[in-house]
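One structure is given here, and the rest of the page talks about it.
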Amino acid sequence: MFWVIASTMVAAMMATLMIFIRLRAAKKPASVKKIILPPIMMSTGAFMFLIPVFQVGWIQVLEALGVGIIFSIFLIKTSKFEMRDGEIYLVPSRAFPFILFSLLIIRIIIKLIIGSYISLGETSGMFFLLALGMIVTWRIVMLYQYSQIKKKKSNAGEPV
Numbered sequence: 009m010f011w012v013i014a015s016t017m018v019a020a021m022m023a024t025l026m027i028f029i030r031l032r033a034a035k036k037p038a039s040v041k042k043i044i045l046p047p048i049m050m051s052t053g054a055f056m057f058l059i060p061v062f063q064v065g066w067i068q069v070l071e072a073l074g075v076g077i078i079f080s081i082f083l084i085k086t087s088k089f090e091m092r093d094g095e096i097y098l099v100p101s102r103a104f105p106f107i108l109f110s111l112l113i114i115r116i117i118i119k120l121i122i123g124s125y126i127s128l129g130e131t132s133g134m135f136f137l138l139a140l141g142m143i144v145t146w147r148i149v150m151l152y153q154y155s156q157i158k159k160k161k162s163n164a165g166e167p168v
């Protein structure tokens with residue numbers, strides 16, 4: 009029970025930190041680097057799967073990634089870019105904090121349900137994959153949206 013509470017508290021702190029990072033990032037122009045670095049940095053966590061206790065079956069991998077992709081839809085819907093002062097900015101959505109905390113609550117409920125059937129290590133591995141699937145999908149769409157705005161900007165004759 010201790011690990012469930014501890015991991016839930018860590019997830020809540022991470023969600024809160026994510027909100028502040030997102031609000032701060034909206035004050036600076038977006039870039040390809042700022043879009044692709046978070047999933048690349050997060051992907052290093054996949055080294056956890058070298059340790060047998062965290063390894064999951066292929067069905068669990070597909071389930072976790074699938075749920076992550078579905079969850080990413082909510083993040084995609086709240087991520088829009090706009091041109092301001094000749095630069096491309098990520099527009100902060102008022103719904104983003106609510107969506108992030110709602111996804112966190114849903115993940116906690118799923119974690120409690122799944123955690124009663126599989127080990128803590130497997131649960132951790134699945135939730136890492138869920139988060140990775142969510143972040144990677146969201147960031148791919150963000151990169152596409154960013155490139156479309158950048159293309160419009162260059163087609164309008166503005167310096168890129």
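If you count by this note's numbering, then the sequence shown holds residues 9 to 168, one letter each, in order.
Cβ atoms here follow ideal geometry from the backbone N, Cα and C, with glycine treated the same way.
Own chain partners of residue i with C-beta closer than 7 Å, once the 5 adjacent residues on each side are dropped
i: Ala-90; result: Rather than Ala, the amino acid found at residue 90 in this sequence is Glu. Excluding positions up to five away in sequence, the list reads Tyr-97 and Val-99.
i: Ala-23; result: Leu-108, Phe-109 and Leu-112
i: Phe-57; result: Gln-63 and Gly-133
i: Glu-95; result: Pro-37
Assigned exposure category for residue i - 16 Cβ within 10 Å defines buried
i: Arg-115; result: buried
i: Ile-78; result: exposed
i: Leu-138; result: buried
i: Gly-123; result: buried
i: Phe-62; result: buried
i: Gly-133; result: buried
i: Val-64; result: buried
i: Thr-13; result: One point to set straight first is that residue 13 is Ile, not Thr, in the sequence displayed. So Ile-13 counts as exposed.
i: Ile-121; result: exposed
Inter-residue CB distance, residue i and residue j (contact presumed, cutoff 8 Å)
i: Phe-136; j: Gly-53; result: 6 Å
i: Thr-145; j: Ser-80; result: 4 Å
i: Arg-147; j: Pro-46; result: 7 Å
i: Trp-11; j: Leu-112; result: Not a contact, Cβ separation roughly 17 Å.
i: Phe-104; j: Arg-30; result: 6 Å
i: Met-26; j: Leu-83; result: Not a contact, Cβ separation roughly 10 Å.
i: Tyr-125; j: Val-40; result: Not really, about 41 Å apart at Cβ, beyond 8 Å.
Where the beta strand (DSSP E) through residue i begins and ends
i: Lys-88; result: 88-92
i: Tyr-97; result: 95-99
CA-to-CA distance, residue j to residue i, given in whole angstroms
i: Glu-130; j: Ala-164; result: 51 Å
i: Gly-76; j: Met-50; result: 14 Å
i: Arg-86; j: Met-150; result: Per the sequence shown, the amino acid found at residue 86 is Thr instead of Arg. Spanning the two alpha carbons is a distance of roughly 11 Å.
i: Ile-118; j: Ile-59; result: 23 Å
i: Leu-108; j: Ala-19; result: 11 Å
i: Met-21; j: Phe-28; result: 11 Å
i: Ala-72; j: Leu-140; result: 9 Å
i: Lys-161; j: Ile-48; result: 27 Å
i: Ile-44; j: Lys-88; result: 16 Å
i: Lys-159; j: Arg-92; result: 15 Å
i: Lys-42; j: Tyr-152; result: 13 Å
Own chain, CB closer than 6 Å to residue i, minus 5 neighbours either side, in chain order
i: Ser-101; result: Thr-86
i: Gln-68; result: Met-134
i: Ile-157; result: Phe-89 and Ile-96
Range covered by the alpha helix (DSSP H) that runs through residue i
i: Val-40; result: 40-51
i: Ala-164; result: Run containing Ala-164: none; DSSP gives neither H nor E here.
Close-in-space but distant-in-sequence residues of the same chain around residue i (CB under 8 Å, 5 per side omitted)
i: Ala-34; result: Tyr-97, Leu-98, Val-99 and Pro-100
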